[in-house]
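To start, the structure itself, in structure tokens.
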Amino acid sequence: MRSITSQVAALRAKTEKILHLQETLQSDNRVLRKQNAELESKVAQLENDKKAIEEKYKVLRIAKSLAGDGEKNLAVKLKINELVREIDKCIAQLNK
């Protein structure tokens with residue numbers, strides 16, 4: 013009889029220990045999920061910042077190429093005008 017009550021007591025102690033461990037793990041899980049969400053938000057913000065910086069770099073590179081010598085600048089402007097005219101022709105053909 014004592015053996016059974018001592019086994020039940022040991023089983024009860026182990027069960028309580030497991031339940032406490034489960035609560036601890038659930039709490040840790042909540043904290044980790046919150047940290048994960050914060051880090052995902054930070055990654056998204058950094059990706060947006062990166063895209064904005066890349067776009068600024070692209071604009072600066074174009075501006076620098078246009079700010080070159082006058083002859084090169086004129087050639088670039090003429091090429092841009094030529095491309096715009098081609099685009100206008102394509103749009104006109106699409107509208108027909």
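Using our numbering, you'd call the opening residue of the sequence shown number 13 and step up by one each time. Here a beta-carbon is modelled for each residue, glycine too, at the ideal position from N, C-alpha and C.
Check the Cα spacing between V88 and each of E98, A75, D100: the tightest is with A75. For secondary structure counted as the beta strand (DSSP E) over 3 or more consecutive residues, the region 58 to 102 holds no complete run. Rounded to the nearest whole angstrom, the C-alpha separation of Q47 and A56 is 14 Å.
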